[in-house]
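Residue numbers (my numbering), protein chains in the order written: chain A, 1 to 202; chain B, 1001 to 1202. For glycine and all other residues, C-beta sits at the position ideal for the given N, C-alpha and C. Given the structure is predicted, the values throughout are model-derived calculations rather than measurements. Take a look at the structure set out below.
There are 2 protein chains.
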Amino acid sequence: MANTEGRILAAAKEVFIAKGFDGARMQEIADIAKINKALLHYYFRSKDKLFEAVFKETLLQIGPMVLSFVNEPIPLEVKIWKFVDEYIEIIKNNPKLPLFILNEIHVNPERVINFLNIGAFLDTDALQAQLNKETEVLSTSRIDVKHFVVNILSMTIFPFIGKPIMQKTLKIKEDDWEKFLEERKRIIPQTIMNWIKINQKV
Amino acid sequence: MANTEGRILAAAKEVFIAKGFDGARMQEIADIAKINKALLHYYFRSKDKLFEAVFKETLLQIGPMVLSFVNEPIPLEVKIWKFVDEYIEIIKNNPKLPLFILNEIHVNPERVINFLNIGAFLDTDALQAQLNKETEVLSTSRIDVKHFVVNILSMTIFPFIGKPIMQKTLKIKEDDWEKFLEERKRIIPQTIMNWIKINQKV
DNA sequence: GTCTATAAAGGGATAGAC
DNA sequence: GTCTATCCCTTTATAGAC
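Shown next, in the form of structure tokens:
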């Protein structure tokens, strides 16, 4: 059967993301990987080590992919559209990932803190410079790069994290969720650009 | 000593929020409440029942408080400012609450699904009507209430959920966090209002 | 109501055969 | 590499004294 280590990692990823570290059971991971518990420990010494492998792999997979072009010299508006579009597509394929990562950081910072250097490089100074150039052209007041980044990330990621509540509160049926996400690809850049464009000079 | 049940609930809330249901230990709750494990089971039959009590109480406490004025007939811009301001203040006092609630919904929907009716009433139709009136006056194209609500909630709540990553990526020191939140009280309404104001008619 | 002691089950980890 | 059997610690839950 196809390589065991790969199957274990895939199964572990599935269970850890669905249940979190504390809720995950080695037995369930073994069952899904179609092996027994003992073999888990043969490949990865402990639950901690297995989690570490999964978490590291996940961050390496998702981190750089997204931010690769953020530091590149392309027009601001294009950058925003591209970022939102790509990010939503990626998370659509891994909708539970953001909450999983954020929650593990929360409940056990010590366990994951070592890997947080891996993803998420962002040249804030360069981005702030690009923002300054943009607002200069538009003759509007400056935009703080911190709030710029937080606004975009928030509006892009939060709908996935809060999906059940969003669906309930706003009466979005599961069939309409995909359409809703497509709308957001348009709405988010629009919201950001409009914010920048009429930000009155004081 | 002050009423035991209250101390248990307070201790349980603290531990459940910090560690999640799966990570929480009855022993730790007992220690913090300065009683022994047996007494926990005397007051609340099981860990599940105790969690249920805590979760329900938490939702009841936070849900209606926030949305009480959202359905009221006050000007849109005032409503936005007030909402963001009050919401940020409330979460500042319970910064771990949003992630806790969202994660519990995620890892165990069955356990919490019954209580989700409690909070979060929102008259979306009325709010959509108010938005329509606003864009009519401004002669801009209509705003979808779904994205309106999601945008505001996202930008308000997400910074708390992603605090460690925000701090790291954007180099916000702990001392500056409070200031950062104060800035957001101004930035979020501004972002939303600007979005509405120059949303071009097609 | 509150305690100590202990049962009962769960779950991570290991030994040892093949 | 893979399995079965089992160890042993942790954790929830209960029994029973005071």
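Consider the Cβ of residue 195(A): report whether some Cβ of chain B lies at a distance smaller than 8 Å.
Your numbering for residue 195(A) matches position 195 in the first sequence. Chain B contact via Cβ: present.
Does the CB of residue 1137(B) have a neighbour CB from chain A at under 8 Å?
Along the second sequence, read from residue 1 onward, the residue named residue 1137(B) stands at position 137. Taking Cβ atoms only, chain A never reaches closer than 8 Å to residue 1137(B), which makes this a no.
Using the C-alpha atoms, what's the distance from residue 166(A) back to residue 1053(B)?
Position 53 of the second sequence holds residue 1053(B). Position 166 of the first sequence holds residue 166(A). Approximately 24 Å between the Cα atoms of the pair.
Which of helix, strand or coil does DSSP assign to residue 173(A)?
Numbered from 1 along the first sequence, position 173 holds the residue referred to as residue 173(A). Residue state, collapsed to three classes: coil.
Does any CB atom of chain A fall closer than 8 Å to the CB of residue 1154(B)?
Residue 1154(B) sits at position 154 when you count from the first residue of the second sequence. For residue 1154(B), the answer is yes, since a Cβ of chain A falls inside 8 Å of its Cβ.
State the Cα-Cα distance for the pair residue 1077(B) and residue 162(A), rounded to the nearest angstrom.
Numbered from its first residue, the second sequence carries residue 1077(B) at position 77. Numbered from its first residue, the first sequence carries residue 162(A) at position 162. The straight-line gap from Cα to Cα measures roughly 25 Å.
Curious, which full-length alpha helix (DSSP H) runs of at least 4 residues does the region 46 to 75 of chain A contain?
Within the region 46 to 75 of chain A, the complete alpha helix (DSSP H) runs of at least 4 residues are 47 to 67.
Since residue 1114(B) is in the alpha helix (DSSP H), which residue starts that stretch and which ends it?
Against the second sequence, residue 1114(B) aligns to sequence position 114. It is not in any alpha helix (DSSP H) - residue 1114(B) carries neither H nor E in the DSSP assignment.
Under 8 Å, Cβ to Cβ, is there at least one residue of chain B near residue 162(A)?
Counted from its first residue, the first sequence places residue 162(A) at position 162. True, the Cβ-Cβ gap to chain B drops below 8 Å.
Hey, residue 1035(B) and residue 1015(B): beta-carbon distance below 8 Å or not?
Looking up residue 1035(B) in the second sequence gives position 35. Looking up residue 1015(B) in the second sequence gives position 15. No; because the gap between Cβ atoms is not below 8 Å, this pair is not in contact.
Thinking just about the alpha-carbon of each residue, which of 1047(B), 1068(B), 1075(B) is nearest to the one in residue 1087(B)?
Taking the first residue of the second sequence as 1, we reach residue 1087(B) at position 87. With distances taken between Cα atoms, residue 1087(B) lies closest to 1068(B).
Go ahead and pull the three-state DSSP assignment for residue 1095(B).
Here residue 1095(B) is taken as the residue at index 95 of the second sequence, counted from 1. It is coil, neither helix nor strand.
Need the endpoints of the alpha helix (DSSP H) that residue 34(A) sits in, please.
For the purposes of this step, residue 34(A) is taken as residue 34 along the first sequence, with counting starting at 1. From DSSP, residue 34(A) is part of no alpha helix (DSSP H); its letter is neither H nor E.
Here's a check: name, in chain order, each residue in its chain whose Cβ is nearer than 7 Å to the Cβ of residue 143(A), leaving out the five neighbours to either side.
What you label residue 143(A) is simply residue 143 of the first sequence in a count that begins at 1. So the list reads 131, 135, 196, 199, once near-sequence residues are dropped.
Of all the CB atoms in chain A, is at least one closer than 8 Å to the CB of residue 1023(B)?
One-based indexing of the second sequence puts residue 1023(B) at position 23. Residue 1023(B) counts as touching chain A.
For residue 1030(B), which residues in the same chain have their Cβ closer than 6 Å to its Cβ, ignoring the five residues on either side in sequence?
Position 30 of the second sequence, counting from 1, holds the residue named residue 1030(B). The answer, listed in chain order, is 1036, 1037, 1040.
Which residues in the same chain as residue 1103(B) place their Cβ atom closer than 8 Å to its Cβ, once the five residues preceding and following it in sequence are excluded?
In the second sequence, the residue the question calls residue 1103(B) occupies position 103. Result list for residue 1103(B): 1020, in chain order.
What do you reckon, are the CB atoms on residue 157(A) and residue 91(A) nearer than 8 Å?
Locating residue 157(A) in the first sequence gives position 157, where the first residue counts as 1. Locating residue 91(A) in the first sequence gives position 91, where the first residue counts as 1. Contact flag set, yes.
Closer than 8 Å, CB to CB, is residue 184(A) near chain B or not?
The residue given as residue 184(A) occupies position 184 in the first sequence. Answer yes: the Cβ-Cβ gap between residue 184(A) and chain B drops below 8 Å somewhere.
Quick check on this structure: which residue in 1190(B), 1146(B), 1176(B), 1004(B) has the alpha carbon closest to the alpha carbon of residue 180(A)?
As a first step, residue 180(A) must be located in the first sequence, where it is residue number 180. If we check each option's Cα against that of residue 180(A), 1146(B) comes out closest.
For my contact list, residue 1124(B) and residue 171(A) are in at a C-beta cut-off of 8 Å; report their separation, rounded to the angstrom.
As a working mapping, residue 1124(B) is identified with position 124 in the second sequence. As a working mapping, residue 171(A) is identified with position 171 in the first sequence. Yes, they are in contact, since the Cβ atoms of residue 1124(B) and residue 171(A) sit about 7 Å apart, within 8 Å.
Do residue 97(A) and residue 58(A) have their C-beta atoms closer together than 8 Å?
Translated into the one-based positions of the first sequence, residue 97(A) becomes position 97. Translated into the one-based positions of the first sequence, residue 58(A) becomes position 58. Yes, these two residues count as a Cβ contact at 8 Å.
Output, in chain order, the set of chain B residues within a Cβ distance shorter than 8 Å of residue 105(A).
As a first step, residue 105(A) must be located in the first sequence, where it is residue number 105. The contacting residues are 1164, 1165.
In angstroms with no decimal places, state the Cα-to-Cα distance between residue 1046(B) and residue 1026(B).
Position 46 of the second sequence, counted from the first residue, corresponds to residue 1046(B). Position 26 of the second sequence, counted from the first residue, corresponds to residue 1026(B). Distance between the alpha carbons of residue 1046(B) and residue 1026(B) is about 9 Å.
Write down the C-beta distance between residue 1164(B) and residue 105(A) rounded to the nearest angstrom, noting that I regard them as a contact closer than 8 Å.
By one-based count along the second sequence, residue 1164(B) stands at place 164. By one-based count along the first sequence, residue 105(A) stands at place 105. Residue 1164(B) to residue 105(A), Cβ: 5 Å. Contact.
Measuring alpha carbon to alpha carbon, tell me which residue in 1082(B), 1182(B), 1073(B), 1095(B) is nearest residue 1133(B).
For the purposes of this step, residue 1133(B) is taken as residue 133 along the second sequence, with counting starting at 1. Ranking 1082(B), 1182(B), 1073(B), 1095(B) by Cα distance to residue 1133(B) puts 1073(B) first.
If you measure beta-carbon to beta-carbon, which residues of the region 111 to 136 of chain A are closer than 8 Å to chain B?
Listed by position along the chain: 116, 120, 122, 124.
Rounded to whole angstroms, how far is the Cβ of residue 23(A) from the Cβ of residue 1022(B), which I believe are closer than 8 Å?
Counting from 1 along the first sequence, the entry for residue 23(A) is found at position 23. Counting from 1 along the second sequence, the entry for residue 1022(B) is found at position 22. Contact flag correct, Cβ pair sits at about 4 Å.
For residue 1155(B) and residue 1188(B), which I take to be in contact (beta-carbon distance under 8 Å), what is that distance rounded to the nearest angstrom?
The residue given as residue 1155(B) occupies position 155 in the second sequence. The residue given as residue 1188(B) occupies position 188 in the second sequence. Rounded, the Cβ-Cβ distance is 5 Å, consistent with contact.
Could you give the first and the last residue of the continuous alpha helix (DSSP H) run that contains residue 1126(B)?
Here residue 1126(B) refers to the residue found at position 126 when the second sequence is read from its first residue. Per DSSP, residue 1126(B) belongs to the alpha helix (DSSP H) from 1124 to 1138.
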